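To keep things clear, I will list the structure first and then write my remarks on it.
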Amino acid sequence: MSRIQGNGCVARLTDVTRIYGTAGRETVALRGVSLAVHAGETVLLLGPSGSGKTTLLTLLGGLQRPTAGTVEIFGRAVEDYSPRELQRLRATRIGFVFQTFRLLEALSVLDNVMLVMRFGGVPRAEARRRALALLKEFGIGDLAGARPGTLSQGQKQRVAVARALANDAELIIADEPTGSLATAQGLDIVRLLTAEVRQRNHCAVIVSHDERIAAYADRVLYLEDGALRTSGGLASDALDPLPSALVGGIELDRPPV
Ligand SMILES: Nc1ncnc2c1ncn2[C@@H]1O[C@H](COP(=O)(O)OP(=O)(O)OP(=O)(O)O)[C@@H](O)[C@H]1O
Ligand SMILES: [Mg+2]
Numbered sequence: 164m165s166r167i168q169g170n171g172c173v174a175r176l177t178d179v180t181r182i183y184g185t186a187g188r189e190t191v192a193l194r195g196v197s198l199a200v201h202a203g204e205t206v207l208l209l210g211p212s213g214s215g216k217t218t219l220l221t222l223l224g225g226l227q228r229p230t231a232g233t234v235e236i237f238g239r240a241v242e243d244y245s246p247r248e249l250q251r252l253r254a255t256r257i258g259f260v261f262q263t264f265r266l267l268e269a270l271s272v273l274d275n276v277m278l279v280m281r282f283g284g285v286p287r288a289e290a291r292r293r294a295l296a297l298l299k300e301f302g303i304g305d306l307a308g309a310r311p312g313t314l315s316q317g318q319k320q321r322v323a324v325a326r327a328l329a330n331d332a333e334l335i336i337a338d339e340p341t342g343s344l345a346t347a348q349g350l351d352i353v354r355l356l357t358a359e360v361r362q363r364n365h366c367a368v369i370v371s372h373d374e375r376i377a378a379y380a381d382r383v384l385y386l387e388d389g390a391l392r393t394s395g396g397l398a399s400d401a402l403d404p405l406p407s408a409l410v411g412g413i414e415l416d417r418p419p420v
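In our numbering, each residue's number is its place in the sequence shown (first place is 1) plus 163.
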């Protein structure tokens, strides 16, 4: 059961700028980005390499802080969370899927999926039950005892998605989840992920180079040189299920600062 009511705002970036490096050698990764993501929606973020996609995701996940502007996660400014609270948030309410999977080789597939739940305080038996159910749902139940190293890329990615979903996280952040996979396999994983997110009235933000993922997204956003653009040809706004008042808060047309 979702802890977020209705189409509540899950995370919000307001006029966010992120600059890396030191004076004289600065890279402006994001410039004046405003964006809100809501319960029940899957947002696809497209953009060329270096446009700031990963930076935006790490800000949404509280993994780093903006140079300017504000980031709110679950209704609270990121700087108002203590490091410990942020860590707990990431263990319980935010699920990450990375392109490189980041599975722990020393653990079985089952233990990899259980690990985040155990961090989040889920009792062992319950964590095991949930992990097995997800692995089964993703068609890899028979691999529960295997080591990640013995799995195919597609199977590893299923484990990574199962792990991100296991905690019933309200915000799923996926950085190029199909990046290492053949397209059909990759799209299948996105289909599984977005179906789960929708069913639970949760929220997913997916970064990809693959525009075919747009078929599974409620909204498509483009990053270009650190600034958000409207979706152009994909007309994703028409697919947006949210009331216009909420969408109006996203301010996609704001010019870069
Ligand atoms: N830790 C860092 N230190 C310095 N510069 C960085 C750092 N991380 C990212 N950048 C720079 O910020 C810009 C945006 O990087 P980011 O990784 O967010 O892009 P991206 O859209 O995810 O690219 P890709 O599609 O290649 O993954 C790039 O110019 C990059 O070189
Ligand atoms: Mg990236």
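Glycine residues also receive a C-beta, built at the ideal position from the N, C-alpha and C atoms. Nothing here was measured: the structure is a model prediction, and the numbers come from that model.
Extent of the continuous beta strand (DSSP E) to which residue i belongs
i           : result
residue 378 : First-last for residue 378: undefined, no H or E at that position.
Through-space distance from residue j to residue i, alpha-carbon basis
i           : j           : result
residue 309 : residue 281 : 19 Å
residue 201 : residue 336 : 13 Å
residue 384 : residue 196 : 11 Å
residue 176 : residue 272 : 35 Å
residue 263 : residue 270 : 17 Å
residue 173 : residue 388 : 25 Å
residue 360 : residue 283 : 19 Å
Heavy atom of ligand 2 within 8 Å of residue i beta-carbon
i           : result
residue 370 : yes
residue 319 : no
residue 190 : no
First through last residue of the alpha helix (DSSP H) which encompasses residue i
i           : result
residue 235 : Not the alpha helix (DSSP H): residue 235 falls in the beta strand (DSSP E), residues 231 to 236.
residue 249 : 246 to 255
residue 293 : 287 to 300
residue 220 : 216 to 223
residue 272 : 272 to 282
residue 262 : Per DSSP, residue 262 belongs to no alpha helix (DSSP H) and is neither H nor E.
residue 326 : 316 to 329
beta-carbon residue i near ligand 1 non-hydrogen atom, thresh 8 Å
i           : result
residue 211 : yes
residue 374 : no
residue 312 : no
Per DSSP, the bridge partner or partners of residue i
i           : result
residue 369 : 207, 337
residue 174 : 200, 236
residue 387 : 390
residue 180 : 231
Exposure label - residue i; buried when at least 16 CB within 10 Å
i           : result
residue 164 : Its pLDDT being 46, under 50, residue 164 is placed unreliably in this model, and the value from its coordinates should be taken loosely. Result: exposed.
residue 391 : buried
residue 396 : The predicted model places residue 396 with a pLDDT of 39, which falls under 50 and marks its position as unreliable; any figure quoted below should be read in that light. With fewer than 16 other Cβ atoms within 10 Å, it is exposed.
residue 425 : The structure shown does not extend to residue 425, since the chain is modelled only from 164 through 420, so no value can be given for it.
residue 341 : buried
residue 311 : buried
residue 185 : exposed
residue 179 : buried
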